[in-house]
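Trainee:
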Amino acid sequence: MKNSTDRMLTRIKSVYMFIYENGTVSTQELVDEFGMTPRTIQRDLNVLAYNGLVKSTRRGKWTTTNKKVKLSS
Numbered sequence: 001m002k003n004s005t006d007r008m009l010t011r012i013k014s015v016y017m018f019i020y021e022n023g024t025v026s027t028q029e030l031v032d033e034f035g036m037t038p039r040t041i042q043r044d045l046n047v048l049a050y051n052g053l054v055k056s057t058r059r060g061k062w063t064t065t066n067k068k069v070k071l072s073s
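Numbering-wise (full-length UniProt numbering), the sequence shown opens with residue 1 and increments by one.
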């Protein structure tokens with residue numbers, strides 16, 4: 001894979017793990033934690049939500065779903 005794709009996948013995995021480890025988090029918490037723009041975080045959340053890995057419990061709040069995930073490096 002290209003470097004940009006690798007970076008994106010690593011970033012999305014990091015966002016998922018942060019949500020998984022912290023329970024319900026806000027979009028702003030993710031922005032603060034990762035130092036990215038709200039739009040970039042939203043794109044990553046959209047990818048995770050599309051794949052059924054996270055869901056929005058209420059506007060701006062995110063949590064992981066019960067979908068099983070195999071994490072690899």
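Virtual Cβ for every residue (Gly too), placed ideally from N, Cα, C.
Spatial neighbours of residue 57 within its chain, please: C-beta separation below 8 Å, excluding the five flanking residues on both sides.
Mentor: 24, 63
Trainee: Tell me which residue opens and which closes the beta strand (DSSP E) that residue 2 is part of.
Mentor: No beta strand (DSSP E) contains residue 2, which DSSP labels as neither H nor E.
Trainee: Grouping DSSP H, G and I as helix and E and B as strand, with all else coil, what is residue 67?
Mentor: Note: residue 67 maps to coil in three-state DSSP.
Trainee: Can you tell which of 8, 17, 3 has its C-alpha closest to the C-alpha of residue 70?
Mentor: 17
Trainee: With H, G and I counted as helix, E and B as strand and the rest as coil, what does DSSP make of residue 57?
Mentor: Residue state, collapsed to three classes: strand.
Trainee: Cα separation between residue 61 and residue 19?
Mentor: 10 Å
Trainee: To which residues does DSSP link residue 26 through a beta bridge?
Mentor: 61
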